[in-house]
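Read in order, the letters of the sequence shown correspond to residues 17 to 122 in our numbering.
Heads up, the beta-carbon is just placed ideally off N, CA and C, and yes, glycines get one too.
Predicted, not measured: the structure shown is a model, and the values here were computed from it.
Shown next, in structure tokens, is the structure this report addresses.
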Amino acid sequence: GGMVVYTAKPPSSWDFEAFNTDTEFVVEELLRPNDFANVTVKHTTNRAVIFDSALFHQTDRYRFKKGYENGRINLTLLFGEMQKGDDDDISGSSTSSPGDGAKQEL
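Below you can see the structure in the form of structure tokens.
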């Protein structure tokens, strides 16, 4: 498992609620046109993942050994003003990407 960070951002007109609840639009209009281009960063001990949180992101599937000591700890720190995508380009292609439809794993 790990963190999946897509290369698409929401339109600048979206508020927090739309950003976090309009899943069908995000998938069909923003992620699918870019073939779900993303960077996936694997979980490992003492790893920090720093990225633009305006990019759509999710936790990848994970499987850890059973037991308290084998779990994961997730700490989220936010700062600054969110820079959303351009309303004229809802596909998110104005963001930097690892390539058209690319999926990278780190």
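What are the partner residues of residue 27, as DSSP defines its beta bridges? 101
Rounded C-alpha distance that separates residue 79 from residue 86: 10 Å
Let me know if residue 72 comes out buried or exposed under the rule of 16 or more other beta-carbons within 10 Å of its beta-carbon. buried
Reference residue 44, options 26, 56 and 32, closest by Cα: 26
Determine the extent of the beta strand (DSSP E) in which residue 75 is found, giving its start and end residues. 73-75
Considering only residues of the same chain and omitting the five flanking positions on each side of residue 54, which have a CB-CB separation below 7 Å? 20, 21, 22, 23 and 119
Straight-line gap, residue 66 to residue 97 (C-alpha atoms, nearest Å): 15 Å
In the DSSP assignment, the alpha helix (DSSP H) including residue 33 goes from what residue to what residue? 32-37
Relative to the C-alpha of residue 60, which residue among 95, 29 and 90 is closest? 90
Would you decide whether residue 70 is buried or exposed? Buried here means 16 or more other CB atoms lie within 10 Å of its CB. buried
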